[in-house]
Structure formats: structure tokens, C-alpha cells
Amino acid sequence: MANDLLPPPPPAPVVRPPSPPPPPAVVPPPPPPAEEDLASTLTKPKKKGWGSASNSKKQPPSIEDILRLKREKEEAASKPRFLTKAQREQIALEKRAKEVEDLKRKQAISNGASSTNGSRKASTSNGHADAMDIDRPSSIPTGPRAMRPDVPTGPRNHKADMPPPPVPEKKKGKRQSAEDAEATEAALIKQRYMGAEQNQSTFSAKKKRRRTTEKKFNFEWNEEEDTSQDYNPIYAQRAEPTFFGRGKLGGYTEDMIDQGTRKFIEALSQRDPEAGRQRGEAILEMERRRKEEGGRAQLDKHWSDKKLEHMRERDWRIFKEDFNIATKGGSIPNPMRNWGESGLPDNLLKIVDQVGYTEPSPIQRAAIPIALQSRDLIGVAVTGSGKTASFLLPLLVYISKLPPLDARNRQDGPYALVLAPTRELAQQIEVEAKKFAGPLGFRTAVIVGGHSIEEQAFAMRDGAEIIIATPGRLVDCIERRVLVLSQCCYIIMDEADRMIDFGFEIDLTKILDALPVSNEKPDSDLAEDSDAMSRQLYRQTMMYTATMPIQVERIARKYLRRPAIVTIGNVGEAVESVEQRVEFVPGEDKRKKRLHEILNSGEFQAPIIVFVNIKRNCDAVARDIKNMGFSSVTLHGSKTQEQREAALDSIRKGHTNVLVATDLAGRGIDIQDVSLVINFNMATNIEQYTHRIGRTGRAGKTGVAITFWGNEDVDVLYDLKQILTKSQISKVPEDLRKHEASQQKGGKKKAGGDSGGFGGKGGGM
1 MANDLLPPPP PAPVVRPPSP PPPPAVVPPP PPPAEEDLAS TLTKPKKKGW GSASNSKKQP
61 PSIEDILRLK REKEEAASKP RFLTKAQREQ IALEKRAKEV EDLKRKQAIS NGASSTNGSR
121 KASTSNGHAD AMDIDRPSSI PTGPRAMRPD VPTGPRNHKA DMPPPPVPEK KKGKRQSAED
181 AEATEAALIK QRYMGAEQNQ STFSAKKKRR RTTEKKFNFE WNEEEDTSQD YNPIYAQRAE
241 PTFFGRGKLG GYTEDMIDQG TRKFIEALSQ RDPEAGRQRG EAILEMERRR KEEGGRAQLD
301 KHWSDKKLEH MRERDWRIFK EDFNIATKGG SIPNPMRNWG ESGLPDNLLK IVDQVGYTEP
361 SPIQRAAIPI ALQSRDLIGV AVTGSGKTAS FLLPLLVYIS KLPPLDARNR QDGPYALVLA
421 PTRELAQQIE VEAKKFAGPL GFRTAVIVGG HSIEEQAFAM RDGAEIIIAT PGRLVDCIER
481 RVLVLSQCCY IIMDEADRMI DFGFEIDLTK ILDALPVSNE KPDSDLAEDS DAMSRQLYRQ
541 TMMYTATMPI QVERIARKYL RRPAIVTIGN VGEAVESVEQ RVEFVPGEDK RKKRLHEILN
601 SGEFQAPIIV FVNIKRNCDA VARDIKNMGF SSVTLHGSKT QEQREAALDS IRKGHTNVLV
661 ATDLAGRGID IQDVSLVINF NMATNIEQYT HRIGRTGRAG KTGVAITFWG NEDVDVLYDL
721 KQILTKSQIS KVPEDLRKHE ASQQKGGKKK AGGDSGGFGG KGGGM
């Protein structure tokens with residue numbers, strides 16, 4: 001029983017081989033003890049329990065505690081920390097002291113390493129082994145290479161054997177090195193606290209280059225440096241040389257010239273009291289003129305600041321470039337800069353001032369001086385440039401030289417004849433002519449289709465100095481003996497290329513052949529001589545056109561004698577004051593919808609002109625515009641003369657908002673203040689497009705032209721793209737730029753004119 005009560009013996013221990021120790025757990029190193037709270041937190045012992053085996057040891061922090069402390073530290077560092085100036089200086093000094101201490105420690109270590117190497121070498125030479133060389137195998141071979149225990153497998157570690165040599169120090173005195181160290185320390189402290197200097201000058205007198213424009217040698221000297229003075233009292237008062245004539249103007253300054261001239265005048269006055277003073281004043285006036293006309297100052301002045309007699313060839317060239325004037329021909333006079341230099345009589349200049357022409361247009365500046373010399377003229381100018389006044393004013397000067405028209409000579413016809421392609425343009429020229437001719441006592445008459453010849457013959461019963469007509473109706477009057485041109489010696493063809501397009505070439509030939517031949521100009525150099533032309537009243541022919549087709553050149557070559565050609569701007573280009581907008585809008589319905597959007601936008605004020613290509617579309621588009629809530633009138637070749645005049649009168653007086661017209665209104669029609677031109681159908685040729693958009697932006701004002709185009713207009717897309725490219729205020733849309741037809745020149749241009757046909761006598765347009 002006793003044995004049963006005893007505990008069983010312990011089992012025999014099992015002998016097992018020792019297991020390898022477990023690998024240490026990878027625990028991130030704790031953050032450096034930068035702050036006291038972190039250090040205290042990590043070293044604080046945890047609460048001891050009764051089951052803990054090592055209560056006296058410090059437990060390492062857990063990963064969660066480390067991450068939490070790190071997060072708190074980052075949050076605390078992210079918050080702004082405001083330091084005073086004293087604190088910032090203290091921090092900078094501490095950092096600098098720490099850097100200096102580290103630098104000294106490194107220098108001490110390097111010096112100690114060098115001394116250790118020296119002692120090691122000394123001990124080796126004395127037969128004593130260094131403590132550092134005990135573990136290193138001996139470099140002395142003790143047997144064959146194959147039997148050596150340690151075979152070298154790589155290069156020897158030279159760093160362990162021999163440290164780098166110390167940095168050589170500059171040989172300075174103790175006092176100088178201490179001052180340099182203090183200065184360096186002060187500079188570094190300043191840089192730490194104040195920041196690096198940004199605006200440091202890099203100027204160096206040695207690096208400065210000598211300017212090439214500077215004088216290489218100065219020939220001037222100060223008065224005290226002059227050693228050529230003669231102190232002899234005999235030469236105290238030297239005689240001043242006085243030169244007159246060439247010597248006076250050769251090398252002397254203006255002050256010396258004035259002084260010598262004054263002395264010369266005083267001498268003249270003393271010798272000849274009566275005539276000497278007058279001669280002296282004449283000399284002074286001559287000197288004053290020479291100073292004004294000569295010198296560099298006249299070259300630097302602009303042509304607008306110079307007198308007419310001071311203008312040089314360079315000034316006239318600049319003047320022509322400013323107004324884009326180009327002339328061709330022999331003995332062409334210079335343009336006029338203002339109305340005062342035009343050469344017109346005073347009574348006509350007063351009328352010009354009353355009409356309101358303050359500044360002449362470019363075509364007026366160039367054409368009026370040429371026409372006043374009785375020269376034949378071909379004027380090429382853009383639409384709306386003031387061509388009417390450019391040929392009416394010289395015409396009135398020419399008529400003023402002729403005897404008055406009375407009962408004896410009025411049966412021989414008018415003195416002057418103005419031809420226009422359309423009735424509207426002829427009536428417009430008559431309105432302008434009455435402004436100038438009426439106050440001078442000259443009568444005008446208009447002969448156009450749409451009115452009976454009997455009424456027009458009755459209007460001319462008292463005679464008229466100026467006849468304004470269309471070619472077709474004028475030929476009818478000549479053939480019926482209603483009008484003769486026996487004494488007509490001044491003829492003007494306005495819009496000559498348009499008259500050729502309308503088929504009036506034969507009518508023009510008949511009219512020009514009906515003129516008298518007794519006063520024709522000679523086809524020689526005398527036709528370019530203004531003096532020879534002014535001695536006798538020759539026939540004077542003027543032609544104004546926008547383009548020069550072959551037919552116009554043929555007429556000009558036959559009936560004009562050595563004409564002067566004046567070109568304003570570039571032929572075929574649009575007016576720079578018109579902004580051109582081009583939109584791809586295919587189909588009638590889409591174009592009407594887009595037209596409705598433009599009219600309702602409120603961007604443009606009345607009057608507005610809408611161009612179409614076919615006469616029957618005029619009424620349809622006008623009807624749609626009325627349905628949109630805008631008043632409109634139409635103008636095309638099928639309208640009677642009364643309807644045309646009523647439509648133009650309504651749009652000019654502001655009773656109607658929109659004018660829908662064919663190419664009949666494309667040229668010559670002057671409607672004031674047109675803000676917008678819409679090409680509902682693109683013109684069949686680029687010249688007609690140019691004249692259409694020229695209805696706006698006239699007389700120095702700006703305007704807008706919107707054009708709808710489609711795939712049916714491929715023949716003019718290339719020219720349209722070129723015109724938009726040349727314009728400075730217009731842009732080429734991408735669809736037009738990338739279109740195949742706009743990349744190269746298309747087919748042959750179609751002849752201009754309305755598709756309804758505007759030919760025939762009387763200008764049936």
C-alpha cells in the first residue's frame with residue numbers, strides 16, 4: 001500500500017539532438033529617439049502579471065505601437081511650426097556647431113589612421129607583428145601554390161591595407177586660418193538663415209568686351225591739354241577769315257556761316273546805306289531757304305509734313321505705297337495730296353467742300369491730276385472707291401473752257417458723254433453729277449431703257465452739256481436722229497468690262513465711231529505732252545474698269561491715244577474692309593433655315609442685300625423673308641423701270657429691310673450703310689463675287705459678307721479660297737480648305753451676267 005501511495009517514477013529523459021535555434025523575427029527597427037515622449041513610451045515597462053516568466057525585462061514594442069507612434073509623429077511634423085527669430089538663429093548655430101564637430105572628428109580619424117599606419121610599418125620593420133595583422137594570413141609563401149590552405153580568389157582589399165592619404169593643408173599662419181574659419185562659418189550661418197543670394201553680380205572688368213561701335217581713337221582733347229597756344233601778346237587778337245561763295249559753304253558750321261553773313265551784311269550797310277540793307281536782307285532770305293530746303297532734316301520728315309516743293313522722288317514713292325497707287329505710262333504727273341493741290345478752280349473746290357468731300361480717295365488722288373492735263377486714262381479700281389467724282393470733276397473743268405450751250409449750238413449735241421452698263425448706275429451717276437454741275441449752271445440728261453424715247457427727246461429740247469446713257473438706248477437715239485454727237489469731245493466709259501459682258505461691244509463701237517474725228521489726238525509722243533494737249537482742245541477718252549478682258553483692250557487700243565493707266569489696289573481682290581464668311585450649306589431648305597437664323601440674330605442692321613443667281617428665285621426668297629417677319633423688295637431684269645426705281649428708293653429711304661436681287665445690283669449700285677451681303681447662291685465667277693460683296697464696306701466703313709456654297713460651285717472654289725487667303729480679316733473654313741476642288745485651278749470660268757440674259761438694246765436688265 002505504501003508503494004501504491006508513492007508517485008510513479010519520472011520517465012527516463014529522451015536524448016534528442018539539439019534543434020537549431022529559430023530564426024529571429026523580422027521586426028522593423030524602432031524610430032530614433034528624437035523626442036522624449038517616444039523614448040519614454042518605448043522604455044516604459046508593461047504591467048507584470050502572475051503568469052509572466054520575465055516580469056523584470058522590458059518588453060519590445062509591438063508593430064501596432066510603432067506604426068501608431070510613427071503616424072502621430074508624421075501628423076505632428078505636417079502641422080506648421082512657428083519659430084521666433086531667436087529660435088531660428090539658435091537652431092542654425094546648433095546645426096553649424098554639429099557640422100564643425102563632425103568635420104573635426106573626421107579629420108581626427110584620418111590623422112589617427114595615418115599615424116596607425118606609420119606605427120604599423122615601424123613595428124613590422126622591428127620584427128613585431130601588429131594586432132590587426134594576427135588574423136590576416138601571412139603573405140609569405142610557405143609551399144607550393146596548390147598545397148596552400150588559403151588560395152586567393154580575388155583582388156586584395158587595398159582599403160583595409162592602406163587608407164587614403166590625408167588632404168594636404170594649405171600653409172597658413174594660425175591667425176589667418178582662424179580668421180578664415182570664422183569668416184567661412186559666418187558665411188555658412190548667414191546662408192543657412194537668410195538663404196543663398198540669388199542676385200549676385202558676375203560682372204568682371206577683365207571680361208568686359210569693347211564695343212565695335214565705339215570709336216577706336218578719340219581725336220578730341222581738353223583745352224588744358226592743348227600745347228599749341230601762343231602766349232605772345234602780338235598774336236592775342238587774331239584776324240578771323242571771312243569766306244564768301246563756295247568757301248563759305250565748304251566745311252564751316254552753320255554758326256560760322258551765320259556770323260560771317262551778319263558781318264558781311266553789316267559791312268554792306270556801312271558802305272552802301274541805301275541799297276546795302278536790301279541786299280543784306282536778300283542774302284539772309286537766301287540763307288534761310290537754303291537751311292530749310294537742304295540738310296538731313298528734310299529727309300527724315302514724312303511726306304505729310306513737307307511742302308509740295310520739298311517733295312522728292314522718294315517721298316512720292318512712299319506716298320503711292322501708302323495709298324496702294326500704281327501708274328503706268330509716260331509723263332504721268334504726281335498724285336495730289338489734298339484738294340488744295342488738285343489744280344481745280346476755286347468755285348469747284350467750294351462745291352467739293354459743300355458736298356462733304358474732305359479727303360480725296362486714292363483713285364481721285366491719282367486720276368484727277370492726269371485728267372486735268374487732257375490725257376487719255378484707263379482707271380482700274382475696286383468698287384466703291386469714288387470713281388464717279390474722279391471723272392466728273394475734270395469733265396466740268398473741260399466744259400468750262402467751251403462756249404456756253406445756247407440756241408445756236410445746242411442742236412449739235414452735248415459736250416460730254418458718260419456711258420454706263422445699267423440703268424440704275426446711269427441714274428446714280430446723274431444724281432452725283434447734279435451736285436457739281438448744277439451750281440455751275442450746267443445741265444445733265446439721262447437716256448436709259450424703260451422710258452419712251454419721245455419723253456427723253458422732250459427732256460433734251462433745251463440741250464444738255466452732259467448726257468448719261470446706257471449703250472443700247474443711246475444707239476437707238478442716234479439711229480432715230482433724236483441725238484447727234486457732232487460736238488462731243490469728252491467721253492467716259494464706266495464699268496467697261498461689264499458692258500462687254502452684257503454684249504455691248506458692237507454698240508460701243510457704233511457710239512465711238514459717231515464721234516467727230518476732227519479733234520482726235522495724234523498717236524505719238526505729243527499725246528503725252530501736257531503743254532501740247534492744253535494748247536488745243538482734243539478729244540479726251542477715259543475708261544474705268546475692274547478687269548481688262550480682250551474686248552476691252554481692243555477698244556482701248558483703237559480709240560485711246562497713249563493712255564495713262566492707274567491701278568488702285570490689286571485687280572480682282574476684294575475690299576479689305578469687308579469680312580468674308582463662307583459656309584457650306586447644301587440645299588434650298590437648309591439655306592432658307594440658315595437665312596432665317598441670320599436675320600433673327602439681331603447682329604446686322606438694315607439694309608441687307610441678298611443675292612441669287614436666277615430671277616425666279618428672287619420672288620421665292622423675298623416671299624420667304626416676308627414670312628419670317630421682314631419687309632423685302634426684289635430687283636432683277638424682268639422688272640419694269642418704274643418697279644426698279646421704286647425698289648431702290650424704298651431700300652435707300654429705309655422703308656424696306658432686305659433687297660433680294662440678281663447680279664443686276666452687283667455692280668455700280670450704291671446703297672448707303674449696307675451692313676450685310678448674303679450670297680444665297682454663290683456667284684458663277686469670282687469677279688462677280690467680288691462686286692457683290694463690294695456693296696458693303698463702302699466709303700471707309702466696314703461690312704460683312706456671308707456666302708452659302710455647295711458642291712455645284714466647284715468651278716469657283718479655288719478662286720474663292722485664294723481671295724479668302726489674301727484677306728487679312730477673313731478666315732478659310734476647314735471644309736473649303738480640304739475640298740478637292742479648292743486644291744487646284746478648276747475648269748473654265750463662266751461668262752459673267754445674270755442667267756436671265758441682260759443683253760439687248762436699252763440694257764434690258
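Taking the UniProt record's numbering, I'd label the letters of the sequence shown as residues 1 to 765. Beta carbons: idealized from backbone N, C-alpha and C, even for Gly. Values in this document were obtained by computation on a predicted structure and should not be read as measured data.
Item                                                                                                                         : Value
Whole-angstrom distance between Leu512 and Asp476, CA atom to CA atom                                                        : 14 Å
Ala556, buried or exposed, once every other Cβ within 10 Å from all chains shown has been counted against 16                 : buried
Length of the line joining the Cα atoms of Leu69 and Ala183                                                                  : 42 Å
Residues near Leu720 in its chain [Cβ-Cβ closer than 6 Å; skip 5 each side]                                                  : none
Close Cβ partners of Met311 (< 7 Å) along its chain, the five nearest in sequence each way excluded                          : Trp303
Separation of Ile63 from Pro31, as counted between CA atoms                                                                  : Residue placement at Pro31 is flagged as unreliable, the pLDDT there being 48, under the threshold of 50; a coordinate-derived value is accordingly withheld.
For Ser632, the three-state DSSP class (helix, strand or coil)                                                               : strand
Straight-line gap, Ala420 to Val448 (C-alpha atoms, nearest Å)                                                               : 9 Å
Helix, strand or coil at Gln90 [DSSP, three-state]                                                                           : helix
Cβ-based neighbour list, Arg644, same chain, cut-off 8 Å, excluding 5 preceding and 5 following                              : Arg423, Glu424, Gly450 and Leu635
Gln722 in three-state terms, based on DSSP                                                                                   : helix
Pair within 8 Å by beta-carbon distance, Ser390 and Gln427                                                                   : no
Closest Cα partner of Leu93 within the set Ser601, Ala496, Met194 and Gly356                                                 : Met194
Cβ neighbours of Ile608 in the same chain (closer than 8 Å, five flanking residues each side left out)                       : Leu599, Asn657, Val658, Leu659, Val674, Ser675, Leu676, Val677 and Ile678
Rounded C-alpha distance that separates Pro403 from Pro414                                                                   : 12 Å
Burial state of Ile378, where buried means 16 or more other Cβ atoms lie within 10 Å                                         : buried
For Ile729, the three-state DSSP class (helix, strand or coil)                                                               : coil
Whole runs of the alpha helix (DSSP H) within the stretch 599-663, excluding any shorter than 4 residues                     : 615-627 and 641-652
Touch test, the stretch 483-498 against the stretch 541-548, Cβ-Cβ under 8 Å, three pairs minimum                            : yes
Contact set for residue 780: own chain, Cβ-Cβ below 6 Å, skip 5 residues either direction                                    : The chain is shown from 1 up to 765; residue 780 falls before or after that span and cannot be answered.
Exposure of Gly602, with buried meaning 16 or more beta-carbon neighbours within 10 Å                                        : exposed
Candidates Thr725, Gly438, Ala381 and Glu266, of which the one nearest Phe323 by Cα                                          : Ala381
Burial state of Glu465, where buried means 16 or more other Cβ atoms lie within 10 Å                                         : buried
Given 8 Å, three or more beta-carbon pairs between the stretch 608-627 and the stretch 723-737                               : no
Of the residues Glu583, Glu597 and Ala622, the one placed nearest Gly710, counting alpha carbons only                        : Glu583
Exposure of Gln540, with buried meaning 16 or more beta-carbon neighbours within 10 Å                                        : buried
Beta-carbon contacts of Met493 that lie in its chain and below 6 Å, excluding the five residues immediately before and after : Leu419 and Met543
Asp501 versus Lys387 - alpha carbon distance                                                                                 : 20 Å
Under the three-state DSSP convention, the category Leu736 falls into                                                        : helix
Between the CA atoms of Val517 and Glu281 - distance to the nearest angstrom                                                 : 57 Å
Distance between Lys434 and Ile370 (C-alpha atoms, nearest Å)                                                                : 23 Å
Exposure of Ala77, with buried meaning 16 or more beta-carbon neighbours within 10 Å                                         : exposed
Endpoints, beta strand (DSSP E) assigned at Ile706                                                                           : Gly703 to Trp709
Own chain partners of Ile671 with C-beta closer than 8 Å, once the 5 adjacent residues on each side are dropped              : Pro607, Ile609, Leu648, Ile651, Arg652, Leu659 and Arg695
Per-residue DSSP class, three states only, for Gln536                                                                        : coil
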